[in-house]
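Numbering (our numbering), first residue to last: 16 to 226.
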């Protein structure tokens with residue numbers, strides 16, 4: 016039981032890291048955030064080259080791809096939400112190739128799970144017409160962000176917004192729980208990334224609601 020929980024917990028943790036570490040770093044020092052990618056990549060390759068730490072190296076490589084694309088978008092392109100998913104998906108061809116070849120399954124499932132969670136979360140902004148609020152939030156000064164949050168929350172609390180939130184949260188929950196039936200580490204990691212997405216989205220909801 017403990018061995019099965021480790022991949023899930025590790026994936027949840029790595030999905031949450033960018034929210035608390037990368038987000039403030041990339042806004043202040045985007046080039047540093049991008050440079051850190053090299054460190055993650057090097058550490059991942061070293062760990063993956065050793066039998067006893069291969070799982071952690073593979074997982075860290077998947078995290079590296081998410082960190083890289085996140086640095087690119089949030090560092091220089093965050094003002095345009097329509098570019099978010101395309102930038103986050105830059106490594107998609109490489110991840111799919113590795114998945115079909117049976118290489119780097121843990122890391123690729125982490126990246127794909129993280130990307131899928133991002134896609135579902137972004138779809139909420141599309142269907143509830145929150146993209147203008149996203150753009151405004153990226154341009155206003157921090158002290159003025161509260162009013163943007165409050166306006167966005169008003170949209171989210173409508174029957175349309177609440178209905179879509181419930182539907183997409185249910186979809187994420189299903190996608191996160193079904194892979195837990197597997198004993199394969201890569202599927203458990205995939206599950207962890209989806210469950211981590213629910214956690215992060217929930218935290219954003221709480222922060223926005225309390226603004």
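Using N, Cα and C, we set each Cβ at its ideal position, and we do this for glycine too.
Should residue i go down as buried or exposed, given a rule of 16 or more other Cβ atoms within 10 Å for buried?
i: residue 112; result: exposed
i: residue 201; result: buried
i: residue 88; result: buried
i: residue 194; result: buried
i: residue 28; result: exposed
i: residue 125; result: buried
i: residue 108; result: exposed
Excluding sequence positions up to five away, which residues of its chain have a Cβ less than 6 Å from the Cβ of residue i?
i: residue 16; result: For residue 16, the predicted model reports a pLDDT of 48, less than 50, meaning its position is unreliable and no value from the coordinates is stated.
i: residue 213; result: 187
i: residue 120; result: 201
i: residue 98; result: 92
When the distance is taken between beta carbons, is residue j closer than 8 Å to residue i?
i: residue 91; j: residue 45; result: yes
i: residue 168; j: residue 110; result: no
i: residue 143; j: residue 176; result: yes
i: residue 74; j: residue 215; result: no
i: residue 106; j: residue 82; result: no
i: residue 18; j: residue 85; result: no
Under 8 Å Cβ to Cβ from residue i, same chain only, skipping five residues before and after it: list those, please.
i: residue 116; result: none
If I measure Cβ to Cβ from residue i and keep anything under 7 Å in the same chain, skipping five residues before and after, which residues do I get?
i: residue 104; result: 130
i: residue 100; result: 133, 134 and 137
Quiz item: How about the stretch 177–185 and the stretch 145–156: do they share at least three Cβ pairs that are nearer than 8 Å?
Solution: no
Practice problem: May I ask you to verify whether the stretch 126–137 touches the stretch 204–212, counting CB pairs closer than 8 Å and requiring at least 3? | Solution: yes
Self-check item: Contact the stretch 63–74 vs the stretch 94–104: 3+ CB pairs below 8 Å
Solution: no
Quiz item: Which runs of the alpha helix (DSSP H), 4 residues or longer, sit entirely within the stretch 29–93?
Solution: 38–43, 45–63 and 69–87
Quiz item: Enumerated in chain order, which unbroken segments of the alpha helix (DSSP H) with a length of 4 residues or greater are wholly contained in the stretch 94–160?
Solution: 99–103, 107–116, 120–142 and 146–154
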